[in-house]
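Here is the structure we will look at, set down as structure tokens.
Protein chains: 2
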Amino acid sequence: MKKLDAVSFDKVSISDGFWSDRIDRNKNVTVFSVRDRFKATGRFEAFRFNWTEGSDIPKPHYFWDSDVAKWIESVAYILKDEPQHELRKEAEELIELMEKNQCEDGYFNIYHTVVAPQLRFKNRDNHELYCLGHFIEAAVAFFEATGDGRLLEITDRYIDLVIKVFCEEKSADFVTPGHEEIELALIRLYRLKKDKKYLELARFFIDQRGQKEEQLCDWYNSSYNQSHLPVRQQKEVMGHSVRACYLYSAMADLAKETDDEELLEACRALFDDITERKMYITGGVGSSCHGEAFTVKYDLPNDTAYAETCASIALMMFADRMKDIDLDSRYGDIVEKTIYNGIISGISLDGRSFFYENPLEINIADHSRHTSLVRHGERLPITKRKEVFDCSCCPPNMTRFLASVGGHIFSCNEKDIFVHQFIPCNAQINGSFVNIETEYPKNGKVRISIKDAEGKRLFVRIPAWCRNFSISSDYEKINGYAVIGVTGDDFEIELDFKMEVRFIKCSELVRANEGKCAVMCGPVVYCMEKTDNDFEHYEIQLDTASDPQICFSEYFNANVIRLNAFRNKIDCGLYSDISDFEKEAVEVRLIPYFGFANRGDSSMAVWLRY
Amino acid sequence: MKKLDAVSFDKVSISDGFWSDRIDRNKNVTVFSVRDRFKATGRFEAFRFNWTEGSDIPKPHYFWDSDVAKWIESVAYILKDEPQHELRKEAEELIELMEKNQCEDGYFNIYHTVVAPQLRFKNRDNHELYCLGHFIEAAVAFFEATGDGRLLEITDRYIDLVIKVFCEEKSADFVTPGHEEIELALIRLYRLKKDKKYLELARFFIDQRGQKEEQLCDWYNSSYNQSHLPVRQQKEVMGHSVRACYLYSAMADLAKETDDEELLEACRALFDDITERKMYITGGVGSSCHGEAFTVKYDLPNDTAYAETCASIALMMFADRMKDIDLDSRYGDIVEKTIYNGIISGISLDGRSFFYENPLEINIADHSRHTSLVRHGERLPITKRKEVFDCSCCPPNMTRFLASVGGHIFSCNEKDIFVHQFIPCNAQINGSFVNIETEYPKNGKVRISIKDAEGKRLFVRIPAWCRNFSISSDYEKINGYAVIGVTGDDFEIELDFKMEVRFIKCSELVRANEGKCAVMCGPVVYCMEKTDNDFEHYEIQLDTASDPQICFSEYFNANVIRLNAFRNKIDCGLYSDISDFEKEAVEVRLIPYFGFANRGDSSMAVWLRY
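In the order they appear, the protein sequences are chains A and B. All you need for the numbering used here is the position in the first sequence, starting with 1, plus 1077. All you need for the numbering used here is the position in the second sequence, starting with 1, plus 1077.
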């Protein structure tokens, strides 16, 4: 196991460019917008524990705690940079309400205290431990950001109760949580506090999963929450994709903390199964709304794609953990794929609204056709982002992701520095200072300057998408990384990953993409919106031999592309001889996939005929 | 209105070739096989009316009467040629049981007598009038074949009751039947007996439909059985496709009998809507299993295609009627399309088993994937024909179609003879004798000899698929027909409709066929089965510039085709640069669509990438 240390986002200061813009909007717009929607829906008010039957305040839902926990975690990340940010007070008020309303025995869950106390630890799918997991993550973040340990104390009391109920008395009606999350949270807490009890509890929940039959949720079988097999025997990803990737992240964490090679081997197999058979080109996963789940291999429909925003975030978390235990550039590649595509497609460019589902194709006409909906079985995803959802896991997952994106750039060990992502920043790593300058993904030029690292090695990920690159220094290639010896106190190298328009073909085994290609430039996947074109995406065939034009768009803060294509005339009746179909040359305009559906309802497609 | 007289199949003797073979198999195998299955399932036994609660004989279903009625109709057609065919006795026994068990007041329906007498005329969707319609058709056929009028007397008594209940007392719980059929049957009976009461009752049911809100069936709205609008206002086909096409057939019949131009105009619009927007290239209609229904325009998915065998037969019936009131070759084109493709795909080559649904694509792997089924919402059609279905409308519909296929070849009026289909036969038409010699659809050479027709005109349909043909005589072209003056008592012409392999493209508005083409040769649609090829249909792209080879196959009694194609190698991972995909030249073997699924489970596709 080649273990690296993560370099936390708080060691990294992102200076400008693509991400800086988004981080600022998150801090100034999104986190407020999410707060407003959470207040409007009663999620904050619920922390007062004053709902009673018949009262006119909204009835708490059992996953509301987790929504607010993720919001507190987001605020904590923001406080790291701006300790006096105005949201601090609101986060502290919530923590104070938690202190006040925590049960005597340490239990804390709004729904199971004010609505259905009789259900405490009765229903495996009621998200109690999931909510605790998110409170733990918030507690760690809040403590690291502010030194305020009150939330940590609250969760610690609750964790002690959980140890008693689940490990000692075994008095709960289930052994492992129906929705994973607490496992990775506990290991995160263990890394902060070094108390083995957290690691042991995480290990208990991870190891017990799938050992014996447990309560099923109402609609799904045991694979829905990865309980069909002991985790070490799982080689195929199954079930709810967010739950799955949270579990796999925790498995990677546990493998790292305990040097568990068997567990690492399972993680590798699961990672391969996702990325080689069950992942959209955008890094979206979980193709079906039925169970928000992984289905069978190569089943990646475009218009009904579920590809939940949270699932891309969870896949990114899994990949990001793997990069630090199994040195291979493919993990950083998947982090890159998700963060430039399937994650940020989940938020509007103005930072105010969200997609839960991220389809790869929209045919607006289908949305007025009842039979299409029936045919697809699944719902067609919505075509406009919304400010809030009943199940609002994605918005605060987005805010915590954006506020901590700097944490995915580097890793280190005692003698090496690893650059996984190309984001302009300054970082302090094990006594060295690293500066990255780049306009990535506008272009692939990257300058890395390092101070005080004489004798260390610099590992720089060579993106899998790039076949044409230059590096200003001698290097060796190890597992997809360019490895460069750092010389002198002021070392500098320049890399240039040529960003050309690439036409990507999908495996023939994915039936949805037969005869089609996707267009990428650097890590960014492109799509065609009707908004920019006089014709529908299904009318055209790309001319892949033509010379595409790349130009920068201020609106998208990214490149847009113009391509030649042929448009088939469609006035030949239902069936006609092939020779009757005339083609005309047209120009097609493509935009970054992450920017789709920002300019009103529009048809859209990633996969285009060629 | 250009009214022609149909030339009934009994005036036509089919001599050999493609159809003769099938007619013989129907007479010698299929009609027995259907009888055996109907006996095994209790459908014949039910006519003894001896089912009681708790008895061990199968409980009759309310549509069983119609299954057996269609079987009697089939037997009648066979008796026309072979009056002493061994099935005559069995048909007569059924008729005798009907005589014995008909209610005093004329009512006859097994289910509503022995199982649920309290439901008589209560439930619009219980198929009582539908069953009567099929008994009327059987009665007419049996009388015409044998002169035996007993079944006609039975149905006549029942019809009088229906007139009393529906038109005079109006005491039924509905006004018009939930499943159309009786309307066209009554007009057929009117043509035999010339009694206006039958025409008036048909007109009543046709005209009342959609005039006011009626009982809905449990799952569907009023368009399911075409009750959403008065029929003259219907311009868009909707709902259950068999019901729809039976209604449209009756509308065409009524328009013809009453010179109703407004009704004819509605028929034209409905025919256009089907054939220009909602029909598979095979002549299959009703693309969704939900309601066995037409959906929205251009919604023609291949793998979940419902395209019920009965619906293609019903479309053929509608087109066949239209050809005699609205002279235009497109009606004969649609008859041809259905009879060489979407109808006969419904029966196995050995004549023993049936498809209810006729998909245009099978991906065998999908059938083991639960999630694919869920995704499609609809069931994937079965991949092997079955001997009987619970709802077994298609098998006896097939037997009556095959036994009477000669009735679709000709029409006439006092001075002209019309040839719509190219089937080798002898016919007696208004005192003239017509002989057709052809190997169609093996090739397009047709020799037509006419005796005793001096001074008449011969109209020969020029198939829409044919752009390259020769006719040995001068002709004028009228509405898609070559019109030739008959000279002399022994007149003969030769036509040659060149049968070349054609690549057919579908409108771009049909999303399922994007970037694909279908292969036809003459009227026959081809498909690719895995059985004949070393690769799956989704791995290849046809080379439409190559020179296809046509060869005759004894097995299919039709041509098969070999084509050049490119096969994409599929070992490039999930996503790869387009340039990484290598192609190899392969030969693809295609078989007639009607012959698919006769050699074990196999993937299959009509629409292939090019």
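Positions of the beta carbon are idealized from the N, C-alpha and C atoms, including for glycine.
Margin query: With three or more beta-carbon pairs closer than 8 Å as the criterion, would you say the region 1322-1329 of chain A touches the region 1544-1564 of chain A?
Written below: No, the region 1322-1329 of chain A is not in contact with the region 1544-1564 of chain A.
Item checked: Beta-carbon gap between A:Lys-1333 and A:Ile-1402 smaller than 9 Å -> Numbered from its first residue, the first sequence carries residue 1333 of chain A at position 256. Numbered from its first residue, the first sequence carries residue 1402 of chain A at position 325. Taking C-beta atoms as the reference points, A:Lys-1333 and A:Ile-1402 count as a pair closer than 9 Å.
Next item on the list: List the whole-angstrom C-beta distance separating A:Gln-1311 from A:Arg-1234, where the pair is believed to meet the contact cut-off of C-beta under 8 Å.
Entry: Residue numbering aside, residue 1311 of chain A sits at position 234 when the first sequence is read from its first letter. Residue numbering aside, residue 1234 of chain A sits at position 157 when the first sequence is read from its first letter. A Cβ-Cβ separation of about 33 Å leaves A:Gln-1311 out of contact with A:Arg-1234 under the 8 Å criterion.
Check: What does DSSP give as the partner residues of B:Tyr-1652 in its beta bridges?
Finding: Residue numbering aside, residue 1652 of chain B sits at position 575 when the second sequence is read from its first letter. Paired residues: A:Cys-1583.
Next item on the list: Kindly list the residues whose CB is nearer than 6 Å to the CB of A:Lys-1199, restricted to its own chain and excluding five residues on each side of it in sequence; keep chain order.
Entry: One-based indexing of the first sequence puts residue 1199 of chain A at position 122. Once the five neighbours on either side are set aside, the close Cβ partners of A:Lys-1199 are Asp-1250.
Notebook entry, point to check: Is the Cβ of A:Val-1451 closer than 9 Å to any Cβ of chain B?
Noted result: Numbered from 1 along the first sequence, position 374 holds the residue referred to as residue 1451 of chain A. At A:Val-1451 the pLDDT is 44, less than 50, meaning the model places this residue with poor confidence; the figure from the coordinates comes in the next sentence. It does: the Cβ of A:Val-1451 has a partner Cβ on chain B nearer than 9 Å.
Notebook entry, point to check: What residue from A:Lys-1136, A:His-1485, A:Ser-1509, A:Gly-1484 has the CA that sits closest to A:Lys-1492's CA?
Noted result: Taking the first residue of the first sequence as position 1, residue 1492 of chain A is located at position 415. Nearest C-alpha to A:Lys-1492: A:Ser-1509.
Note to self: Three or more C-beta pairs under 8 Å: does that hold for the region 1277-1285 of chain A against the region 1251-1260 of chain A?
What the structure shows: Flag = yes, the region 1277-1285 of chain A and the region 1251-1260 of chain A touch.
Next item on the list: Excluding the 5 residues preceding and the 5 following B:Phe-1673 in the sequence, name in chain order all residues of the same chain whose CB lies nearer than 7 Å to its CB.
Entry: By one-based count along the second sequence, residue 1673 of chain B stands at place 596. Same-chain partners within the cutoff: Ser-1422, Cys-1604, Glu-1606, Met-1681.
Check: In the region 1629-1654 of chain B, which residues sit with their C-beta less than 8 Å from some C-beta in chain A, listed in chain order?
Finding: In summary, the residues of the region 1629-1654 of chain B whose CB is separated from some CB of chain A by less than 8 Å are Asn-1645, Ile-1647, Cys-1649, Gly-1650, Leu-1651, Tyr-1652, Ser-1653, Asp-1654, in the order they occur in the chain.
Item checked: Contact the region 1642-1661 of chain B vs the region 1416-1430 of chain B: 3+ CB pairs below 8 Å -> Touching, no.
Check: By the criterion of Cβ-Cβ separation under 8 Å, what are the contact partners of A:Ser-1623 in chain B?
Finding: Start at 1 with the first residue of the first sequence, and residue 1623 of chain A comes out as number 546. Simply none; closest approach about 13 Å.
Check: Cβ of A:Glu-1122 less than 9 Å from any chain B Cβ?
Finding: By one-based count along the first sequence, residue 1122 of chain A stands at place 45. With 9 Å as the cut-off, A:Glu-1122 does not count as an interface residue toward chain B.
Notebook entry, point to check: Does A:Ala-1595 come within less than 9 Å of chain B when only Cβ atoms are used?
Noted result: Stepping through the first sequence from its first residue, residue 1595 of chain A is reached at position 518. With respect to chain B, the C-beta atom of A:Ala-1595 has a partner C-beta closer than 9 Å.
Margin query: If I follow the unbroken alpha helix (DSSP H) through A:Arg-1114, where does it start and stop?
Written below: Translated into the one-based positions of the first sequence, residue 1114 of chain A becomes position 37. Here the alpha helix (DSSP H) through A:Arg-1114 covers 1108-1117.
Notebook entry, point to check: Would a C-beta distance cut-off of 9 Å place A:Leu-1572 and A:Ser-1547 closer than the cut-off?
Noted result: As a working mapping, residue 1572 of chain A is identified with position 495 in the first sequence. As a working mapping, residue 1547 of chain A is identified with position 470 in the first sequence. A:Leu-1572 is a Cβ neighbour of A:Ser-1547, given a cutoff of 9 Å.
Check: Hey, how far is the Cα of A:Asp-1620 from the Cα of A:Phe-1499?
Finding: One-based indexing of the first sequence puts residue 1620 of chain A at position 543. One-based indexing of the first sequence puts residue 1499 of chain A at position 422. For A:Asp-1620 and A:Phe-1499, the distance between alpha carbons rounds to 31 Å.
Margin query: Closer than 9 Å between beta carbons: that is the criterion. Which residues of the region 1574-1585 of chain A meet it against chain B?
Written below: Residues Arg-1579, Phe-1580, Ile-1581, Lys-1582, Cys-1583, Ser-1584, Glu-1585.
Note to self: Strictly below 7 Å CB to CB, what residues from chain A border B:Glu-1753?
What the structure shows: As displayed, chain B neither begins before 1078 nor continues past 1687, which places residue 1753 of chain B out of reach and without an answer.
Next item on the list: Alpha carbon to alpha carbon, how far is A:Ile-1513 from A:Asp-1397? Give it in angstroms, no decimals.
Entry: The sequence position of residue 1397 of chain A within the first sequence is 320, counting from 1. The sequence position of residue 1513 of chain A within the first sequence is 436, counting from 1. C-alpha separation (whole angstroms): 20 Å.
Notebook entry, point to check: Any Cβ of chain B within less than 9 Å of the Cβ of A:Tyr-1603?
Noted result: Along the first sequence, one-based indexing puts residue 1603 of chain A at 526. Look at A:Tyr-1603: its C-beta is not under 9 Å from any C-beta on chain B.
Margin query: Tell me the residue span of the beta strand (DSSP E) that contains B:Tyr-1408.
Written below: The count along the second sequence starts at 1 and reaches residue 1408 of chain B at position 331. Unbroken run through B:Tyr-1408 is the alpha helix (DSSP H), 1406-1414; no beta strand (DSSP E).
Notebook entry, point to check: Secondary structure at B:Arg-1452, three-state DSSP: helix, strand or coil?
Noted result: Taking the second sequence and counting its residues from 1, one reaches residue 1452 of chain B at position 375. Caution applies to B:Arg-1452, whose pLDDT of 44 falls short of 50 and renders its modelled position unreliable; the value that the coordinates give is listed next. Looking at B:Arg-1452 - three-state DSSP - the assignment turns out to be helix.
Next item on the list: Look up A:Tyr-1357 in the DSSP assignment and say whether it is helix, strand or coil.
Entry: Here residue 1357 of chain A refers to the residue found at position 280 of the first sequence. Three-state result, A:Tyr-1357: coil.
Notebook entry, point to check: My guess is that A:Ile-1155 and A:Lys-1104 are in contact by the Cβ rule of under 8 Å, so how many angstroms apart are they, rounded?
Noted result: Here residue 1155 of chain A refers to the residue found at position 78 when the first sequence is read from its first residue. Here residue 1104 of chain A refers to the residue found at position 27 when the first sequence is read from its first residue. About 5 Å separates the CB atoms of A:Ile-1155 and A:Lys-1104; that is less than 8 Å, so the two are in contact.
Check: Hey, how far is the Cα of B:Lys-1177 from the Cα of B:Ser-1584?
Finding: Numbered from 1 along the second sequence, position 100 holds the residue referred to as residue 1177 of chain B. Numbered from 1 along the second sequence, position 507 holds the residue referred to as residue 1584 of chain B. If you draw a straight line from the Cα of B:Lys-1177 to the Cα of B:Ser-1584, it comes to about 56 Å.
Next item on the list: Select from B:Ile-1187, B:Phe-1212, B:Ala-1642 the residue whose C-alpha is nearest the C-alpha of B:Ala-1168.
Entry: To locate residue 1168 of chain B, count along the second sequence from 1; it is residue 91. Taking B:Ala-1168 as reference, the option from B:Ile-1187, B:Phe-1212, B:Ala-1642 with the minimal CA-CA separation is B:Phe-1212.
Notebook entry, point to check: How about A:Arg-1588: is its C-beta nearer than 9 Å to some C-beta of chain B?
Noted result: Residue mapping note: residue 1588 of chain A aligns to position 511 of the first sequence, counting from 1. Closer than 9 Å: yes.
Check: Taking the C-alpha atoms as reference points, what is the distance between B:Tyr-1297 and B:Arg-1120?
Finding: Along the second sequence, read from residue 1 onward, the residue named residue 1297 of chain B stands at position 220. Along the second sequence, read from residue 1 onward, the residue named residue 1120 of chain B stands at position 43. When only Cα atoms are considered, B:Tyr-1297 and B:Arg-1120 end up about 28 Å apart.
Notebook entry, point to check: Which residues of chain E have a Cβ atom closer than 9 Å to the Cβ of B:Tyr-1417, listed in chain order?
Noted result: Of the chains in the structure shown, none is chain E; the protein chains are A and B.
Margin query: What does DSSP give as the partner residue(s) for A:Arg-1524 in the beta ladder?
Written below: One-based indexing of the first sequence puts residue 1524 of chain A at position 447. According to the DSSP secondary-structure assignment, A:Arg-1524 is paired through a beta bridge with A:Glu-1514, A:Glu-1571.
Note to self: Counting only Cβ pairs nearer than 9 Å, list the residues of chain A close to B:Glu-1591.
What the structure shows: Here residue 1591 of chain B refers to the residue found at position 514 of the second sequence. Listed along the chain, the chain A residues whose CB falls inside 9 Å of the CB of B:Glu-1591 are Glu-1591, Gly-1592, Lys-1593, Tyr-1615, Arg-1686.
Notebook entry, point to check: Okay, do the region 1403-1419 of chain B and the region 1359-1375 of chain B touch, 3+ Cβ pairs below 8 Å being the bar?
Noted result: By the criterion of at least three beta-carbon pairs nearer than 8 Å, the region 1403-1419 of chain B is in contact with the region 1359-1375 of chain B.
Item checked: Supposed close pair A:Arg-1676, A:Thr-1608 - CB separation, criterion 8 Å -> Counting from 1 along the first sequence, the entry for residue 1676 of chain A is found at position 599. Counting from 1 along the first sequence, the entry for residue 1608 of chain A is found at position 531. Correct: roughly 5 Å between the Cβ atoms.
Note to self: For A:Ile-1231, count the other beta carbons within 10 Å of its own beta carbon; 16 or more makes it buried, fewer makes it exposed. Which is it?
What the structure shows: Numbered from 1 along the first sequence, position 154 holds the residue referred to as residue 1231 of chain A. The residue is buried, with at least 16 neighbouring Cβ atoms inside 10 Å.
Margin query: Assuming contact is defined by CB atoms lying nearer than 9 Å, are A:Ala-1382 and A:Glu-1438 in contact in what I supplied?
Written below: Within the first sequence, numbered from 1, the residue matching residue 1382 of chain A stands at position 305. Within the first sequence, numbered from 1, the residue matching residue 1438 of chain A stands at position 361. Contact check for A:Ala-1382 against A:Glu-1438 passes: the beta carbons are separated by less than 9 Å.
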